[in-house]
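Protein chains in written order, with my numbering: chain U, 698 to 962; chain X, 698 to 962.
Every residue, glycine too, gets a C-beta built ideally from N, C-alpha and C.
Note that the coordinates shown come from a computational prediction; the quantities given were computed from them, not determined experimentally.
Inspection log for the structure reproduced underneath, given as structure tokens.
Number of protein chains: 2
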Amino acid sequence: MNSPQAIRLAVIDDDSGFVTVLNKRTEAAGWQQRTFAGAIPPEELIAMKLNALLVDLSVLGDDAWGYLEQVCGMLPDLGVIVCTGRSTVAQRVRGLRLGADDWITKPCHPEEALARIEAVSRRRRRARPRIEAGPVVAGELEIRSDRFEAFVSGASLGLTRREFELLQMLADARGKVLEREAIYQRIWGYAMAHGDRSVDVFIRKLRQKLEKRSAGWHYIHTHFGVGYRFEPEPLAGVAVEQAARVGPGDARPAPSPASSELVAS
Amino acid sequence: MNSPQAIRLAVIDDDSGFVTVLNKRTEAAGWQQRTFAGAIPPEELIAMKLNALLVDLSVLGDDAWGYLEQVCGMLPDLGVIVCTGRSTVAQRVRGLRLGADDWITKPCHPEEALARIEAVSRRRRRARPRIEAGPVVAGELEIRSDRFEAFVSGASLGLTRREFELLQMLADARGKVLEREAIYQRIWGYAMAHGDRSVDVFIRKLRQKLEKRSAGWHYIHTHFGVGYRFEPEPLAGVAVEQAARVGPGDARPAPSPASSELVAS
DNA sequence: TTTCCTCGTGAAAAAGCTGTGAACTCTCGC
DNA sequence: GCGAGAGTTCACAGCTTTTTCACGAGGAAA
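As structure tokens, then:
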């Protein structure tokens, strides 16, 4: 089980001795490590696409707690390990409650630090063992993850990367409602800021491209106040809707879909 | 304060002093804790649907490592925290590599143990929100949390988000009376202002929508001066009502069961 | 029975969400 | 440096959902 994929680690610490020793080990393990002597704006941490962050609170200055909280809040998927000198139980509890995943007391053996970083990262990693390969088909749509593209009867939709990721995520959860925050979190990699409309905008772009190539089908449903749900549905004519509700149509694969959903287009 | 969701914890330890103290804290936090003095077959752990396991390796005997590995392997979603006496770096590293999420050294402050258990569970939960409870069925009603919606024989009730949350909360506590304040606190996220009628209004909306799709059943019962209770009851004919009323349903205003059973927050 | 509260209702006002179109910012490749 | 394409942000309009009110019926206690 020891096939720990390379871990991308950032270290915020000015204890050069410790950092050097640590770096030697992480290198040997094939990890990627970047070191900083002081606080780094969370935005930059986001850009680094890290798996874990090891930080010594003492180099963060006065607002160490605030920084810790901010980072943990903005990067819920990042494994955060505090590695610092003497501390009280209350401090450790506070750090952990604020979002840290582990707290190591210096001096500590680098091997243990590595093991703990690995343990923290393992959780993240295990969560997505998605090795899906086969093309997904939904309605007239064919989603091919090997091409980062979707097709309708052979014609490409011309999706951009984000659009594709969004479509794939929705389709993977076919039938389930995904909340905006969850979508954003997984595709953008960090917490969605309040009021961010990116997801909506991409949904619109997706719908436009879907509509263009596959009019007559309805794929993405809005759930007011919650998020979106992917479920291919053939559009019956408007006229048909009234009477046909009961009769024809409804050749749907879904398990127990409702007829009277008020989900808007 | 963020998401103090109840955690289901199992403790394998024979240090009665520690266990007792710990139990007091977990209870206060609203967690569910079960304690064992020796190894438990992994199958049983699975059946307990735990969030976390706290184990003292010293009570596991010779095959402690094997047991640890086995448990971590069979329950990849379980947060495992080793809490044991003196140990060497090598032992800790081995435990963590084997799959443990954290390693605490005794003696340790119970508060820190709790914080670490919480941290581990928090990550686990975030990493794998997939395993959601299947649809809940009550009377003619089917509550599907993956859709944020409730159905009666396939037809959606058309619930809004708040309505759904309210229904789900009531249904989760089926049979128990929930006080308004508790309901408000959990769904709205902050304390209810004196005189606020929001809960009542939503109860009415829920009842309307339930009635529309599932007349003939009574789901939400009012407990005067206390709150509401969810319990599906078929409405017998009017004639029967008198007699039946006394039996199962609103027999008593039941002041006792209410407050102590509420999920505190 | 009288009186004080609590709850159910219906409706109107207030707040909040989502769909859109379009301006901006960034990155890249030329 | 320029221009095309991708991703972000903004401001609005049109709807939905929530909150808030005013009343009156339903219960509980004296």
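task = Assign U:A707 to one of two classes, buried (16 or more other C-beta atoms within 10 Å of its C-beta) or exposed (fewer than that).
result = Sequence index remark: in the first sequence, residue 707 of chain U carries index 10 (1-based). It is buried - the Cβ of U:A707 has at least 16 other Cβ atoms within 10 Å.
inquiry  = What are the residues in the stretch 772 to 799 of chain X lying within 9 Å of chain U by C-beta distance?
reply    = P773, D774, G776, V786, A787, R789, V790, R791, G792, L793, R794, L795, G796, A797, D798 and D799
key: C-beta atoms of X:L838 and X:L863 nearer than 8 Å   = Residue 838 of chain X sits at position 141 when you count from the first residue of the second sequence. Residue 863 of chain X sits at position 166 when you count from the first residue of the second sequence. Going by C-beta atoms, X:L838 is not nearer than 8 Å to X:L863.
message = Given this structure, state the Cα-to-Cα distance separating X:M698 from U:T717, to the nearest angstrom.
response = For the purposes of this step, residue 698 of chain X is identified with residue 1 of the second sequence, where counting begins at 1. For the purposes of this step, residue 717 of chain U is identified with residue 20 of the first sequence, where counting begins at 1. For X:M698, the pLDDT reaches just 38, beneath the cut-off of 50, and the residue's location in the model is therefore unreliable, leaving the point undetermined.
ask   = Any Cβ of chain X within less than 8 Å of the Cβ of U:V874?
value = Position 177 of the first sequence, counting from 1, holds the residue named residue 874 of chain U. Closer than 8 Å to some Cβ of chain X, the Cβ of U:V874 qualifies, so yes.
inquiry  = Please report the distance separating the alpha-carbon of U:L854 from that of U:S895.
reply    = As a working note, residue 854 of chain U is residue 157 in the first sequence. As a working note, residue 895 of chain U is residue 198 in the first sequence. About 20 Å.
ask   = Thinking C-alpha only, which one of X:V923, X:A847 and X:R910 is nearest X:I880?
value = If you number the second sequence from 1, residue 880 of chain X lands on position 183. Per the Cα distances, X:V923.
Touching by the beta-carbon criterion (3+ pairs, under 8 Å), the stretch 788 to 802 of chain U and the stretch 798 to 812 of chain X = yes
task = Would you identify the three-state DSSP class for U:S713, choosing helix, strand or coil?
result = Taking the first residue of the first sequence as position 1, residue 713 of chain U is located at position 16. Helix at U:S713.
key: Cα-Cα separation, U:C780 to U:A835   = Sequence index remark: in the first sequence, residue 780 of chain U carries index 83 (1-based). Sequence index remark: in the first sequence, residue 835 of chain U carries index 138 (1-based). Roughly 48 Å between the two C-alpha positions.
task = Please confirm whether any heavy atom of the ligand NAD lies closer than 7 Å to the CB of U:S853.
result = In the structure shown, the ligand NAD is absent, as is every other ligand, since no ligand is present at all.
ask   = Going along chain U, which residues have a C-beta under 8 Å from X:F845?
value = Reading the second sequence from its first residue, position 148 is the one you call residue 845 of chain X. Within 8 Å Cβ-Cβ: V874, H920 and V923.
message = Using the three-state DSSP reduction, which class does U:G924 fall into: helix, strand or coil?
response = Locating residue 924 of chain U in the first sequence gives position 227, counting from the first residue. Strand.
message = Could you compute how far the alpha carbon of U:V777 sits from the alpha carbon of U:R883?
response = On the first sequence, position 80 is the one that residue 777 of chain U refers to. On the first sequence, position 186 is the one that residue 883 of chain U refers to. Rounded to whole angstroms, U:V777 to U:R883 spans 18 Å at the Cα level.
Between the CA atoms of X:M745 and U:Q939 - distance to the nearest angstrom = The residue given as residue 939 of chain U occupies position 242 in the first sequence. The residue given as residue 745 of chain X occupies position 48 in the second sequence. Only weak support exists for where U:Q939 lies, its pLDDT of 39 falling under 50; the value from the coordinates is given anyway. Rounded to the nearest angstrom, the two C-alpha atoms are 49 Å apart.
inquiry  = Looking at the secondary structure, which residues open and close the beta strand (DSSP E) in which U:R841 lies?
reply    = The residue labelled residue 841 of chain U in the question sits at position 144 within the first sequence. Segment L838 to R841, the beta strand (DSSP E) holding U:R841.
ask   = Would DSSP call X:W885 helix, strand or coil?
value = Indexing the second sequence from 1 puts residue 885 of chain X at position 188. Reduced to three states, the DSSP call for X:W885 is helix.
ask   = Where X:G770 and X:L750 are concerned, what is the direct C-alpha to C-alpha distance, given to the nearest angstrom?
value = As a first step, residue 770 of chain X is located in the second sequence; it is residue number 73 there, counting from the start. As a first step, residue 750 of chain X is located in the second sequence; it is residue number 53 there, counting from the start. Between X:G770 and X:L750, the C-alpha separation is close to 14 Å.
ask   = Going by C-alpha distance, which of X:M889, X:P739, X:G758 and X:R705 is nearest X:E724?
value = Locating residue 724 of chain X in the second sequence gives position 27, counting from the first residue. Of X:M889, X:P739, X:G758 and X:R705, the residue nearest in Cα terms is X:R705.
query = When we look at the beta-carbon of X:K873 and count the other beta-carbons within 10 Å, is it buried (16 or more) or exposed?
reply = As a position in the second sequence, residue 873 of chain X is number 176, starting the count at 1. Classification of X:K873: buried, given that the 10 Å Cβ count is 16 or more.
request  = For X:G831, I'd like the list of residues in its chain whose CB is within less than 6 Å of its CB, leaving aside the five on either flank, ordered along the chain.
outcome  = Taking the first residue of the second sequence as 1, we reach residue 831 of chain X at position 134. Excluding residues within five positions, none has a Cβ falling inside 6 Å.
Through-space distance from X:D897 to X:Q865, alpha-carbon basis = Against the second sequence, residue 865 of chain X aligns to sequence position 168. Against the second sequence, residue 897 of chain X aligns to sequence position 200. Cα-Cα distance, rounded: 16 Å.
key: U:E938 in three-state terms, based on DSSP   = Residue numbering aside, residue 938 of chain U sits at position 241 when the first sequence is read from its first letter. Per-residue confidence for U:E938 stands at a pLDDT of 39, beneath the threshold of 50, marking its modelled position as unreliable; the derived number appears in the next sentence. Correct three-state label for U:E938: helix.
key: Whether U:R901 touches U:M889 by CB criterion (8 Å)   = Counting from 1 along the first sequence, the entry for residue 901 of chain U is found at position 204. Counting from 1 along the first sequence, the entry for residue 889 of chain U is found at position 192. For U:R901 and U:M889, no; Cβs fall outside 8 Å.
key: Start-to-end residues for the beta strand (DSSP E) that takes in X:G776   = Mapped onto the second sequence, residue 776 of chain X falls at position 79. G776 to T781 is the extent of the beta strand (DSSP E) around X:G776.
task = Using a cut-off of 8 Å between C-beta atoms, extract the partners of X:T857 located in chain U.
result = The sequence position of residue 857 of chain X within the second sequence is 160, counting from 1. Within chain U, the residues near X:T857 are F921 and G922.
ask   = Which residues does DSSP pair with U:F848 in a beta bridge?
value = Residue mapping note: residue 848 of chain U aligns to position 151 of the first sequence, counting from 1. Per DSSP, U:E839 and U:S853.
task = Taking X:E809 as the query, report the chain U residues whose CB atoms sit under 7 Å from its CB, ordered along the chain.
result = As a position in the second sequence, residue 809 of chain X is number 112, starting the count at 1. Going along chain U in sequence order, the residues near X:E809 (Cβ under 7 Å) are V786, R789 and V790.
ask   = Would a check of beta-carbon distances place X:A835 closer than 8 Å to chain U?
value = As a position in the second sequence, residue 835 of chain X is number 138, starting the count at 1. Answer no: the Cβ-Cβ gap between X:A835 and chain U never drops below 8 Å.
key: Limits of the alpha helix (DSSP H) - the one that U:L765 falls within   = Residue mapping note: residue 765 of chain U aligns to position 68 of the first sequence, counting from 1. Taken as a continuous stretch (DSSP letters only), the alpha helix (DSSP H) holding U:L765 covers A761 to M771.
query = Is the CB of X:H891 under 8 Å away from at least one CB in chain U?
reply = As a working mapping, residue 891 of chain X is identified with position 194 in the second sequence. No, because no Cβ of chain U sits closer than 8 Å to the Cβ of X:H891.
query = At what residues does the alpha helix (DSSP H) containing U:R731 begin and finish?
reply = The residue you call residue 731 of chain U lines up with position 34 of the first sequence. It is not in any alpha helix (DSSP H) - U:R731 instead sits in the beta strand (DSSP E) that spans Q729 to F733.
ask   = Is there at least one Cβ from chain U nearer than 8 Å to X:R820's Cβ?
value = Mapped onto the second sequence, residue 820 of chain X falls at position 123. At least one chain U Cβ lies under 8 Å of X:R820.
ask   = Is any beta-carbon of chain U found at less than 8 Å from that of X:R823?
value = Locating residue 823 of chain X in the second sequence gives position 126, counting from the first residue. Chain U contact via Cβ: present.
query = When DSSP labels each residue in this structure, what does U:V960 get in the three-state scheme?
reply = The sequence position of residue 960 of chain U within the first sequence is 263, counting from 1. In this predicted model, U:V960 has a pLDDT of only 41, less than 50, meaning its place in the structure is not dependable; the value taken from the coordinates is given anyway. If DSSP states are grouped into helix, strand and coil, U:V960 belongs with coil.
task = Could you confirm whether any beta carbon from chain X is found closer than 8 Å to the beta carbon of U:R904?
result = Here the question's residue 904 of chain U lines up with position 207 in the first sequence. Chain X, which has no Cβ nearer than 8 Å to the Cβ of U:R904, makes this no.
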